[in-house]
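Single-structure report; data block below.
Protein chains in written order, with my numbering: chain B, 20 to 131; chain S, 2 to 116.
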């Protein structure tokens, strides 16, 4: 089974803090993704990566950056957290043979 | 960019009955359409998907149909059971073989199975 793990299930940060969300996958997938999930809005794509050190903006990249130094690890960075970034953050990974994506359990981030 | 509309937002059915959730998409270049099930406190789980070169796919009690001309696809669950209660998301994306594209999701359907 594909396993995608995220560093924290719950996180509380203060406005202006720098926040790191970590994601690790164990299936040697080329592609990794970060989404945020908000009630009534579904899941929205923030950033994705199709190779080490490569990144592509998704639909809502403002206020976020990412880092992929190793194939199995993809980090989402909030440079200066704001209250409107309070959300559930979901990481996914997928192989190159198709577009199947497998999700981690999510990190619920609260910014006070 | 792609836009995916999903209906209904809430669906309540009696146990044993069928449930149908419908989605439409806007980008005719989209060629991959997955469905995810999300239970409380968990990440979305891929339950079935379909590519644009087929019209229907079935896996036990669940099936997905695709109408490329009308740009809509549907999830069908037969003989519903209490464990089918969850939020279901449809999604769409383009895959060109040269790297991934992100998924565009519908807003979700809360399926409630009444005993």
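Every residue, glycine too, gets a C-beta built ideally from N, C-alpha and C.
{"query": "Within 10 angstroms of the Cβ of residue 118 of chain B, are there 16 or more other Cβ atoms? Answer buried if so, exposed if not.", "result": "buried"}
{"query": "Express the C-alpha separation of residue 109 of chain S and residue 12 of chain S in angstroms, rounding to a whole number.", "result": "11 angstroms"}
{"query": "Between the C-alpha atoms of residue 32 of chain S and residue 69 of chain S, what's the straight-line distance to the nearest angstrom?", "result": "9 angstroms"}
{"query": "Along the chain, where does the beta strand (DSSP E) containing residue 37 of chain B start, and where does it finish?", "result": "Here residue 37 of chain B belongs to no beta strand (DSSP E), and DSSP marks it neither H nor E."}
{"query": "Applying the criterion that 16 or more other CB atoms from any shown protein chain within 10 Å of the CB defines a buried residue, is residue 77 of chain B buried or exposed?", "result": "buried"}
{"query": "Residue 82 of chain B CB to nearest chain S CB: under 7 angstroms?", "result": "no"}
{"query": "Roughly how many whole angstroms lie between the Cα atoms of residue 30 of chain B and residue 106 of chain B?", "result": "10 angstroms"}
{"query": "In the structure shown, what three-state DSSP assignment does residue 85 of chain S receive?", "result": "helix"}
{"query": "Output yes if chain S places a C-beta closer than 7 angstroms to the C-beta of residue 67 of chain B; else output no.", "result": "yes"}
{"query": "When the Cβ atoms of the segment 52-64 of chain S are set against those of the segment 66-84 of chain B, are three or more pairs found closer than 8 angstroms?", "result": "no"}
{"query": "I need the straight-line Cα distance from residue 78 of chain S to residue 18 of chain S, nearest angstrom please.", "result": "9 angstroms"}
{"query": "For residue 73 of chain B, does the count of other Cβ atoms within 10 angstroms reach 16, so buried, or fall short, so exposed?", "result": "exposed"}
{"query": "Chain B beta carbons: is any one of them nearer than 7 angstroms to that of residue 108 of chain S?", "result": "yes"}
{"query": "Count the other CB atoms within 10 Å of the CB of residue 33 of chain B; is the residue buried (16 or more) or exposed (fewer)?", "result": "exposed"}
{"query": "Taking 7 angstroms as the CB-CB limit, is residue 122 of chain B close to chain S?", "result": "yes"}
{"query": "Suppose you measure from the CA of residue 131 of chain B to the CA of residue 25 of chain B; what does that come to, to the nearest Å?", "result": "21 angstroms"}
{"query": "Here's a check: name, in chain order, each residue in its chain whose Cβ is nearer than 8 angstroms to the Cβ of residue 57 of chain B, leaving out the five neighbours to either side.", "result": "63, 106, 107"}
{"query": "Would you mind working out which of B:121, B:28, B:48, B:46 sits nearest residue 40 of chain B, comparing C-alpha positions?", "result": "B:28"}
{"query": "For residue 9 of chain S, which residues from the same chain have a beta carbon less than 7 angstroms from its beta carbon, with the 5 sequence-adjacent residues on both sides left out?", "result": "110"}
{"query": "Listed in chain order, which residues of the segment 13-43 of chain S have Cβ atoms closer than 9 angstroms to some Cβ of chain B?", "result": "32, 33, 35, 37, 39, 42, 43"}
{"query": "If the cut is a Cβ gap below 8 angstroms, which residues of chain S does residue 93 of chain B touch?", "result": "Near residue 93 of chain B there are no residues of chain S at all, since even the closest Cβ is about 12 angstroms away, more than 8 angstroms."}
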